[in-house]
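The numbering of the sequence shown is the working numbering, which starts it at 15 and goes up by one.
Every residue gets a Cβ at the ideal spot worked out from N, C-alpha and C, and that includes glycine.
Nothing here was measured: the structure is a model prediction, and the numbers come from that model.
Below is one structure, written out as structure tokens; the observations come after it.
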Amino acid sequence: MSTNKRTTQKSSLIIILTLACSLTGRAYEFAGGTGEPNDPYQIATIEDLLAVGSSADLLTKCYVLVNDLDLDPNLPGGCVFDDALIAGNAHDSVTGEWLIPFSGVLNGGGHTIRNLCMLPEQGSWIGLIGWHSGLVKDLHLRDVQVGGSMYGVGAIAGCCLGGSILRCSATGQVSGTTGAGGIVGHLSRGILMDCRTDVYVRGTTLVGGLFGSSWRGTVSRCEAQAEVRGDHRVGGLGGDLSQGCIVESRAGGVVVGRDYVGGLVGHVYAWSQVILRCAATCEVVAEQTAGGLVGNALLSSGGLLADCYARGSVTGSPAGGLAGAIVGTSVLNSYAACEMIPATTSDGTAPVVGGLFGQASPSLDAPMDGCFWDSQLSVVSVGAGSDSTSCGIGLTTEQMQQQATFEQAGWDFDSIWAMTEGEYPALQWELAADAAPGRN
Numbered sequence: 015m016s017t018n019k020r021t022t023q024k025s026s027l028i029i030i031l032t033l034a035c036s037l038t039g040r041a042y043e044f045a046g047g048t049g050e051p052n053d054p055y056q057i058a059t060i061e062d063l064l065a066v067g068s069s070a071d072l073l074t075k076c077y078v079l080v081n082d083l084d085l086d087p088n089l090p091g092g093c094v095f096d097d098a099l100i101a102g103n104a105h106d107s108v109t110g111e112w113l114i115p116f117s118g119v120l121n122g123g124g125h126t127i128r129n130l131c132m133l134p135e136q137g138s139w140i141g142l143i144g145w146h147s148g149l150v151k152d153l154h155l156r157d158v159q160v161g162g163s164m165y166g167v168g169a170i171a172g173c174c175l176g177g178s179i180l181r182c183s184a185t186g187q188v189s190g191t192t193g194a195g196g197i198v199g200h201l202s203r204g205i206l207m208d209c210r211t212d213v214y215v216r217g218t219t220l221v222g223g224l225f226g227s228s229w230r231g232t233v234s235r236c237e238a239q240a241e242v243r244g245d246h247r248v249g250g251l252g253g254d255l256s257q258g259c260i261v262e263s264r265a266g267g268v269v270v271g272r273d274y275v276g277g278l279v280g281h282v283y284a285w286s287q288v289i290l291r292c293a294a295t296c297e298v299v300a301e302q303t304a305g306g307l308v309g310n311a312l313l314s315s316g317g318l319l320a321d322c323y324a325r326g327s328v329t330g331s332p333a334g335g336l337a338g339a340i341v342g343t344s345v346l347n348s349y350a351a352c353e354m355i356p357a358t359t360s361d362g363t364a365p366v367v368g369g370l371f372g373q374a375s376p377s378l379d380a381p382m383d384g385c386f387w388d389s390q391l392s393v394v395s396v397g398a399g400s401d402s403t404s405c406g407i408g409l410t411t412e413q414m415q416q417q418a419t420f421e422q423a424g425w426d427f428d429s430i431w432a433m434t435e436g437e438y439p440a441l442q443w444e445l446a447a448d449a450a451p452g453r454n
């Protein structure tokens, strides 16, 4: 069946469901339930799933997935979709008005939706849910192919505006122009918690393995194993973080871009940002600003990066093991153990490389204390490459793998850090997460 016929099939089904609701005054007959919090509608088939987006009234209800679903376009009932299945067409391009978001509850019940294929020719807010302001939990998407040519593309949600996504995961491919992420394209005042991805994500700007951009969002206990490619503001976990926080999260894989490229986050900006107990183990490659953890961190006041580390390799200029460029941010009890690979600059000048930071502007309001880098591995003798600013302490690999080194600097090995002699420090939450039974 052709793509157009599949899309028409899906559209016809939704039209029929919508007419049925309007003519009878009754909601679509799901597999069970009443749609109330204590008796959610049961989603047992593809038709049940599509019905959620067939009526504005249904966007406020509660749902639970009771079966695994396969949306493979080659299977009966499968489609190559041209819009989000739920709360699609979130923004009216003619009137400029926002339409109705999904504000209900979608409980995946630990089930899996496979082979979601969504390749519209144009449009914003592309994902399983287009515009999300409710709760999605315990849902796993496998082998997605989700793409969009405009703003906001993610496997689960194009835009999460004040909503929450908990204990969800995604694998597959996500692509967009601005704001592409493995789970969500744009996170605004929302929450991502205990989510994981194993994805290939590509875009132009605001590109990340978990989220494309975040404004006043909270990301906690999340992980991305990803290959992320873009141009500007590209990160292993997120492309851009503005006035929000990332706590106990990590990224691994390959991150490639032109400027503002980081293993965890590409660009951090505005006030009171917090990156706490996070890690990145990535190959970071950029033409310009690049960092093992953060590409560029520019804050007016109140920024904090504490108990974090970066391991892997970094190519760029300015480039740093922790951050390519950093201003107005307190950096505490963190380290970098990265191979620093000089980049070829466009004007032929020598690349700017530091063991911790490519460029740094420390101040009394934003101290940098208890920080170290592996000068033997990085072959870099200065903490900040931009000038003679003293940032951190460079140590040999052997010294970096001795717990006493960090204890003398006041690091907390009771509740935050853990270490095996002969290895670099690790975060206790990571070890607990890796050892947890049934980990997705």
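**OP:** Would you please state the rounded distance, in angstroms, between the beta carbons of Thr-232 and Gly-258? I believe it to be under 8 Å.
**Re:** 6 Å
Original post:
Apart from the five residues on each side of it in sequence, which residues of its chain come closer than 6 Å, Cβ to Cβ, to Arg-203?
Top reply: Cβ neighbours of Arg-203 beyond the five flanking positions: Gly-176, Arg-230.
Subject >> Euclidean distance between Cα positions of Val-282 and Ala-374 >> reply: 14 Å
**OP:** Starting from the Cα of Ile-60, find the closest Cα among Val-119, Ile-114, Asp-96, Arg-128 and give me that residue.
**Re:** With distances taken between CA atoms, Ile-60 lies nearest to Arg-128 out of Val-119, Ile-114, Asp-96, Arg-128.
Original post:
Is it a yes or a no for the segment 270–281 touching the segment 300–319, going by three-plus beta-carbon pairs under 8 Å?
Top reply: The segment 270–281 is in contact with the segment 300–319.
**OP:** Please work out which residues of its chain come closer than 8 Å, Cβ to Cβ, to Trp-443, disregarding the five sequence neighbours upstream and downstream, and give them in chain order.
**Re:** Arg-235, Glu-262, Arg-291
Original post:
Who are the Cβ neighbours of Glu-421 in its own chain at under 8 Å, not counting the five residues just before and after it?
Top reply: Phe-427
Original post:
Per DSSP, what kind of secondary structure is Met-164 in: helix, strand or coil?
Top reply: coil
Subject >> Per-residue DSSP class, three states only, for Trp-139 >> reply: coil
**OP:** With a threshold of 16 other CB atoms inside 10 Å of the CB of Pro-115, please say whether the residue is buried or exposed.
**Re:** buried
Original post:
Mind checking whether Gly-217 and Gln-239 have CB atoms under 8 Å apart?
Top reply: no
Subject >> Whole-angstrom distance between Glu-435 and Leu-336, CA atom to CA atom >> reply: Those two C-alpha atoms are separated by around 23 Å.
Subject >> Endpoints, alpha helix (DSSP H) assigned at Thr-303 >> reply: Segment: none, Thr-303 is in no alpha helix (DSSP H) and carries neither H nor E.
Subject >> For Ser-138 and Leu-149, the rounded distance between their alpha carbons >> reply: 21 Å
**OP:** Work out the CA separation of Asp-157 and Thr-126 for me, nearest whole Å.
**Re:** 10 Å
Subject >> Selected residue, minimal CA-CA separation from Asp-97, among Ser-256, Lys-75, Pro-134, Val-298 >> reply: Pro-134
Original post:
Alpha carbon to alpha carbon, what distance is there between His-246 and Val-275?
Top reply: 7 Å
Subject >> Given 8 Å, three or more beta-carbon pairs between the segment 294–305 and the segment 410–417 >> reply: no
**OP:** Count the other CB atoms, across all protein chains shown, that sit within 10 Å of the CB of Asn-121; report buried if there are 16 or more and exposed otherwise.
**Re:** buried
Subject >> Counted within 10 angstroms of its Cβ, other Cβ atoms place Val-3 as buried (16 or more) or exposed >> reply: Summary: the structure shown does not reach residue 3, with the chain confined to residues 15 through 454, and so no result is reported for it.
Original post:
Quick one: is Gln-302 buried, meaning 16 or more other Cβ sit within 10 Å of its Cβ, or exposed?
Top reply: buried
Subject >> Opening and closing residue of the alpha helix (DSSP H) in which Ser-389 lies >> reply: 389–392
Original post:
Do you know how far the Cα of Val-341 is from the Cα of Gly-123?
Top reply: 44 Å
Subject >> Of the residues Ser-68, Leu-85, Gln-56, the one placed nearest Cys-483, counting alpha carbons only >> reply: Limits of the chain in this structure are 15 at one end and 454 at the other, which puts residue 483 out of reach.
Original post:
Buried or exposed: where does Thr-343 fall if 16 or more other Cβ atoms within 10 Å of its Cβ makes it buried?
Top reply: buried
**OP:** Within 10 angstroms of the Cβ of Thr-191, are there 16 or more other Cβ atoms? Answer buried if so, exposed if not.
**Re:** Of the other Cβ atoms in all chains shown, 16 or more fall within 10 Å of the Cβ of Thr-191; this residue is therefore buried.
Original post:
Where does Asn-52 sit, in a helix, a strand or coil, going by DSSP?
Top reply: coil
Original post:
If we count the other Cβ atoms within 10 Å of its Cβ and call it buried at 16 or more, is Leu-269 buried or exposed?
Top reply: The amino acid occupying residue 269 in the given sequence is Val; Leu does not appear at that position. Result: buried.
**OP:** Determine the extent of the beta strand (DSSP E) in which Leu-149 is found, giving its start and end residues.
**Re:** It spans 149–151 - the beta strand (DSSP E) in which Leu-149 sits, taken as one unbroken run.
**OP:** Tell me, to the nearest whole angstrom, how far the beta carbon of Cys-209 is from that of Cys-182; I am working on the premise that it is less than 8 Å.
**Re:** 5 Å
Subject >> Option nearest Cys-405 by Cα separation, candidates Val-328, Gly-195, Gly-46, Trp-387 >> reply: Ranking Val-328, Gly-195, Gly-46, Trp-387 by Cα distance to Cys-405 puts Trp-387 first.
Original post:
Which one of Gly-408, Gly-144, Ser-348 has the shortest CA to CA distance from Ile-430?
Top reply: Ser-348
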